[in-house]
Amino acid sequence: MPHAKSTSPESFRGPKHDESATKSFHEMRRKFIKGGLVTALVGPAIASLAKGSEPPIVSLRDETRKWRQGAEGQRQADQGDGTFLNPILSGDHPDPTILKDGDDYYMTFSSFNSFPGIVIWHSRDLVNWQPVGPALRKNLGTVWALDLCKHGNRYYIYIPGLPPGKGWGCFVIHADKIEGPWSDPIDLGIEGCIDPGHVVGEDGKRYLFVNGIRKIRLTDDGLATDGKLEPAYAPWRYPEEWVTENFAPEGPKLLRRGPWFYLVTAVGGTAGPATGHMVIAARSRSVHGPWEHCPHNPLVRTLSANEPWWSRGHATLVEGPAGDWWMVYHGYENGFRTLGRQTLLEPIEWTDDGWFKATGGDLGRPLPTPKGGTAVRHGLALSDDFSTNKFGVRWAFHDPGADEMDRVRYDGNSLELKGAGSSPSASSPLTCLAVDRAYQVEITMELIDAVEGAFLLYYNPKAFVGLGFTGEKAKTYQYATTEEWASVPLQGRKVRARITNDRHVVTYHYSLDDGQTWRRHPTRMEVAGMNHNVFGGFLSLRIGICALGAGRIRLSRFTYQAFEGTI
5 MPHAKSTSPE SFRGPKHDES ATKSFHEMRR KFIKGGLVTA LVGPAIASLA
55 KGSEPPIVSL RDETRKWRQG AEGQRQADQG DGTFLNPILS GDHPDPTILK
105 DGDDYYMTFS SFNSFPGIVI WHSRDLVNWQ PVGPALRKNL GTVWALDLCK
155 HGNRYYIYIP GLPPGKGWGC FVIHADKIEG PWSDPIDLGI EGCIDPGHVV
205 GEDGKRYLFV NGIRKIRLTD DGLATDGKLE PAYAPWRYPE EWVTENFAPE
255 GPKLLRRGPW FYLVTAVGGT AGPATGHMVI AARSRSVHGP WEHCPHNPLV
305 RTLSANEPWW SRGHATLVEG PAGDWWMVYH GYENGFRTLG RQTLLEPIEW
355 TDDGWFKATG GDLGRPLPTP KGGTAVRHGL ALSDDFSTNK FGVRWAFHDP
405 GADEMDRVRY DGNSLELKGA GSSPSASSPL TCLAVDRAYQ VEITMELIDA
455 VEGAFLLYYN PKAFVGLGFT GEKAKTYQYA TTEEWASVPL QGRKVRARIT
505 NDRHVVTYHY SLDDGQTWRR HPTRMEVAGM NHNVFGGFLS LRIGICALGA
555 GRIRLSRFTY QAFEGTI
């Protein structure tokens with residue numbers, strides 16, 4: 005999950021910027037980076053970066069990795085020959101938490117500022133996944149790394165949230181069935197903490213571990229705390245000369261296997277240098293410790309910026325269908341931080357001394373598919389005819405207000421979106437995840453009354469590009485501002501718009517005759533820098549749609565198509 009880390013104020017802002025919130029955010033960030041009660045230590049120095057020890061970032065344009073194509077040309081991990089090629093879920097699926105429930109696997113991710121949020125996915129072989137639906141339908145603001153678990157016959161998701169106007173805290177939702185309905189969030193009263201990890205101790209009691217690494221006991225029903233937050237584990241520390249972002253122990257995930265409790269933790273920082281994030285482990289015979297460091301630490305770490313996956317970490321162990329073991333975690337794709345942190349799967353092996361090792365290397369080659377499972381149909385077609393409500397699975401508002409869904413109305417094969425704000429930076433865009441390195445998207449917009457329809461690639465209110473259609477001209481959005489000099493006359497109240505993102509090079513087209521003829525917009529954009537390391541927030545560059553002003557826009561025939569890329 006985001007570690008005790010920065011989430012720039014824009015990542016949880018409302019429509020209007022609040023300077024006091026900015027100050028409060030930076031104070032919180034400093035506290036988080038200290039890493040808790042007993043591990044409030046300064047992170048390792050990054051002096052080796054100044055010495056030039058970090059390998060240069062190289063292009064993978066001539067790479068030999070080839071993915072099997074799924075729906076809409078999207079990359080598919082399952083290669084159809086008994087192997088798979090990471091990622092198992094492409095696009096922004098960070099901080100994976102995974103649950104084995106009989107022969108089924110369920111996984112979900114941090115949803116950050118997207119709402120409805122916490123989309124649950126289902127698999128029976130760990131490689132092929134289908135969405136179940138969103139579990140969070142009451143807005144908690146920013147949502148970071150979760151823990152999905154089952155206790156008795158009930159499912160729980162423990163959530164770190166930053167509700168509007170409040171500080172970070174931990175919440176829980178629960179359901180009797182994985183598909184829901186899920187309860188409203190319950191505030192556990194654990195202030196200033198993130199990344200909860202659930203475990204049942206040898207005493208039969210339930211506990212949450214949080215960033216730091218600290219723990220607190222829960223009541224037997226798991227819906228309240230029953231004790232005080234206390235130190236749990238002082239994590240293994242890497243050598244001072246390693247190039248990392250900061251120490252930031254986070255994302256504790258716990259497992260009981262045989263006589264041992266295993267505690268898997270992330271350190272080194274979620275983003276920053278490609279070599280920063282890593283996976284470490286410890287074990288104890290009691291949930292109360294003492295914990296011993298794994299002699300193989302770090303179990304996973306990107307060693308060079310030449311590798312295909314950067315900043316690998318935040319792992320959970322899971323038993324495969326045939327009894328073998330795997331590790332699920334996230335990483336940035338080399339050269340494509342704009343896609344966010346994608347979900348990766350790596351085999352592990354248990355050693356005779358009761359420890360485990362990761363055996364997948366740098367994940368740049370196909371690996372044998374887990375044995376014993378059955379494949380579900382993988383992925384999700386992103387194209388939408390708007391005949392049914394697909395919020396949560398395909399669409400989400402970015403940083404919405406409490407009544408944002410009131411702006412939405414379905415009408416036959418169209419969606420009407422009421423205007424809000426005068427620019428994309430002062431609105432809550434409707435967003436769709438981008439999952440490929442090169443793709444083309446189209447939408448038909450009809451302008452009703454005094455409104456502007458904007459079609460964007462959107463990171464956050466300070467980072468977006470795209471076009472705005474007013475009925476009289478096509479406006480150009482660059483650098484999160486309107487570039488009036490680059491606007492062109494365009495008379496028409498109904499337009500079909502196209503955005504082509506070819507490995508960060510963005511080209512726009514539009515048509516006034518429903519796609520029979522197209523006109524290329526005279527301005528292009530390069531968007532490789534629209535990622536967390538530049539703008540903060542731990543987000544991804546998504547497809548965005550805004551209705552600006554007092555009127556509304558009618559949307560129809562949204563299409564998504566991935567392609568190999570030519571740049």
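Position one of the sequence shown corresponds to residue 5 (the working numbering), numbered consecutively onward. Even for Gly, the Cβ is constructed at its ideal location relative to N, Cα and C.
| Item | Value |
| --- | --- |
| Residues of its chain near S52, where Cβ-Cβ distance is below 8 Å and the 5 sequence neighbours each way are ignored | With a pLDDT of 32 at S52, under the threshold of 50, the predicted position of this residue should be treated as unreliable, though the coordinate-derived value follows. Cβ neighbours of S52 beyond the five flanking positions: E58, E245, W246, V247. |
| Simplified DSSP assignment, three categories, for W186 | coil |
| Paired residues, beta bridge with S118 - DSSP | H402 |
| Sheet register partners of T435 (DSSP bridge) | A400, G548 |
| Separation of G226 from V176, as counted between CA atoms | 8 Å |
| Reference G106, options Y160, G377, A139, R287, closest by Cα | G377 |
| Backbone CA spacing between W330 and R158 [nearest angstrom] | 25 Å |
| Contacts around Q2, its chain only, beta-carbon distance under 7 Å, and the 5 residues preceding and following it disregarded | Residue 2 cannot be examined here, being either before or after the span of the chain that is shown, 5 to 571. |
| Residues near L516 in its chain [Cβ-Cβ closer than 7 Å; skip 5 each side] | G496, V499 |
| Proximal residues to D199 (C-beta, below 7 Å), its chain only, five neighbours per side dropped | M5, W148, A149, P164, V214, N215, E254, G255, P256 |
| Cβ distance (whole Å) where V492 is taken to contact Q482 below 8 Å | With 8 Å as the limit, V492 and Q482 do not qualify as a contact, their Cβ atoms being about 14 Å apart. |
| Where G193 sits in the DSSP three-state scheme | strand |
| Inside the segment 236-310 only - alpha helix (DSSP H) runs reaching at least 4 residues | none |
| For S418, three-class secondary structure by DSSP | coil |
| Own chain residues within Cβ distance below 8 Å of H513, not counting five before or after | A501, R502, T504, W522, R523, R524, H525 |
| Residues near T486 in its chain [Cβ-Cβ closer than 6 Å; skip 5 each side] | K479 |
| Rounded C-alpha distance that separates L343 from F567 | 15 Å |
| The segment 524-540 / the segment 103-123 touching (three or more Cβ pairs under 8 Å) | no |
| Minimum C-alpha distance to D356 - residue among M449, K422, G262, P294 | G262 |
| DSSP state of V455 mapped onto helix, strand, coil | strand |
| Integer-rounded CB distance, given that Q80 should sit under 8 Å from H382 | 6 Å |
| Euclidean distance between Cα positions of S28 and G171 | Bear in mind that the predicted position of S28 carries a pLDDT of just 44, short of 50, making it too unreliable to give a figure here. |
| Whole-number beta carbon distance between L367 and P277, since they are thought to touch under 8 Å | About 18 Å separates the two Cβ atoms, so there is no contact after all. |
| Whether L437 touches R561 by CB criterion (8 Å) | no |
| Alpha-carbon spacing of Y242 relative to P302, whole angstroms | 8 Å |
| C-alpha distance - I571 paired with R507, whole-angstrom precision | 6 Å |
| Between the CA atoms of Y414 and S94 - distance to the nearest angstrom | 29 Å |
| Beta-bridge partners of M331, as assigned by DSSP | L321, E350 |
| Three-state secondary structure (DSSP) of S429 | helix |
| Nearest-angstrom Cα separation, counted from K394 out to N250 | 39 Å |
| Presumed contact (8 Å Cβ cut-off) between H402 and S115, rounded CB distance | The pair is not a contact, with the Cβ atoms about 11 Å apart (cut-off 8 Å). |
| Proximity below 8 Å, CB of Y463 to CB of L543 | yes |
| Cβ-based neighbour list, R210, same chain, cut-off 8 Å, excluding 5 preceding and 5 following | H155, H202, V203, V204, R221, L222, T223, D224, G226 |
| Contacts around E420, its chain only, beta-carbon distance under 6 Å, and the 5 residues preceding and following it disregarded | R413, R556, R558 |
| For N505, the first and last residue of its enclosing beta strand (DSSP E) | 498-506 |
| For Y237 and L267, believed in contact at Cβ under 8 Å, the rounded distance | 6 Å |
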